[in-house]
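To start, the structure itself, in structure tokens.
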Amino acid sequence: MIVVGASSGIGASIARELAAAGATVAILARREAELAAVAAHDPRRLLPYVHDVADTASIPALLERIIADLGGLDGLVYAAGVMPDLAEGEYAFAKDAAMVNVNLLGAMAWMDPVCARFEAARAGTIVGISSIAGVRGRRANPGYTATKAALTTYLEALRNRASRYGVNVVTIKPGFVDTAMTAGKPGLFWLVSPDEAARQTIAHARRGRSVDAFVPARWAAVALAVRLMPSAIFRRLNV
Ligand SMILES: NC(=O)c1ccc[n+]([C@@H]2O[C@H](COP(=O)([O-])OP(=O)(O)OC[C@H]3O[C@@H](n4cnc5c(N)ncnc54)[C@H](OP(=O)(O)O)[C@@H]3O)[C@@H](O)[C@H]2O)c1
């Protein structure tokens, strides 16, 4: 297994849970000390690789190295994501570009070669951590909602393309999860721990058929309400 974005939050919890279930997991992220702390939970099964997903040119060689180290590959979880704070009235291309690079392009750069490999093998599972934020264009952070909408659509397309060849592509759309990304943010509700989000994510992935799921499931009702809401009303909400 490979977990990209495994140094903290949901990705770290997913990696630890997979290792506890007996998998050997390559854990990837930029922060070496945080990765080492995650690996310390089970040094035999959690193998750290310092990696910046914005360095897309390095991915093919790193993927081959990891596959050789693991002795094969049966799954990829892409959990890397950034959501820089955006003040009211702030329009910041640098922040938007960072989100496109990490939340979307990095996912494509990892999923494309892995999906090609899984399609040829007629087996394998790809999990993408998207977000309920991608359901609608929210005024609070246009770039974040746009990258998550694009990631959700990309994952759906990947599923439609590869599931006929035995590849499971799982889209996970969490609501609020108690991680560094949400720390100190106002208006949070139904907050779950990263361990709980990880447990539910892995349960969806293990079902062995392609899914598109909110985590926890009750966010599906919120997503439906938000999707059906007339634009003139949604615009007035402070989300
Ligand atoms: N928390 C929520 O409420 C929530 C809700 C919906 C969706 N999500 C999504 O869940 C995913 C995980 O986020 P989280 O809440 O667990 O936050 P987090 O603790 O901040 O985790 C983000 C992870 O992404 C990695 N990452 C960021 N930039 C990277 C880069 N350039 N290269 C490699 N790795 C990078 C980070 O590692 P390094 O910084 O060490 O590189 C870290 O491991 C994200 O995709 C987020 O959008 C979160």
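Going by this note's numbering, the sequence shown opens with residue 10, and the numbers climb by one from there.
Ideal placement from N, C-alpha and C gives every residue a C-beta, glycine not left out.
Report yes if the C-beta of residue i is less than 8 Å from at least one heavy atom of ligand 1; otherwise report no.
i       : result
Lys-182 : yes
Arg-148 : no
Val-178 : no
Lys-104 : no
Thr-191 : yes
His-60  : yes
Leu-56  : no
Gly-196 : no
In this structure, how does DSSP classify residue i when only helix, strand and coil are distinguished?
i       : result
Tyr-58  : strand
Lys-182 : strand
Thr-134 : strand
Phe-223 : strand
Gly-81  : coil
Asn-112 : helix
Tyr-174 : helix
Leu-37  : strand
Val-86  : strand
Val-248 : coil
Val-91  : coil
Are the CB atoms of residue i and residue j nearer to each other than 9 Å?
i       : j       : result
Leu-37  : Val-13  : yes
Ile-19  : Ala-116 : no
Leu-82  : Gly-133 : yes
Val-253 : Leu-85  : This structure leaves residue 253 out entirely; the chain is present only between 10 and 248.
Met-190 : Leu-79  : no
Val-248 : Gly-196 : yes
Thr-180 : Val-220 : yes
Ile-23  : Ile-211 : yes
Pro-69  : Pro-122 : yes
Arg-131 : Gly-175 : yes
Leu-71  : Cys-124 : no
Does the distance between the C-beta of residue i and the nearest non-hydrogen atom of ligand 3 fall short of 8 Å?
i       : result
Pro-203 : The model on display carries ligand 1 but not ligand 3.
Compute the beta-carbon to beta-carbon distance between residue i and residue j, rounded to the nearest angstrom, for a pair I have assumed lies under 8 Å.
i       : j      : result
Val-59  : Arg-25 : Actually they are not in contact, since the Cβ atoms of Val-59 and Arg-25 sit about 18 Å apart, beyond 8 Å.
Ala-159 : Leu-95 : Incorrect: roughly 18 Å between the Cβ atoms, too far for contact.
Ile-75  : Ala-28 : That pair is no contact at about 15 Å.
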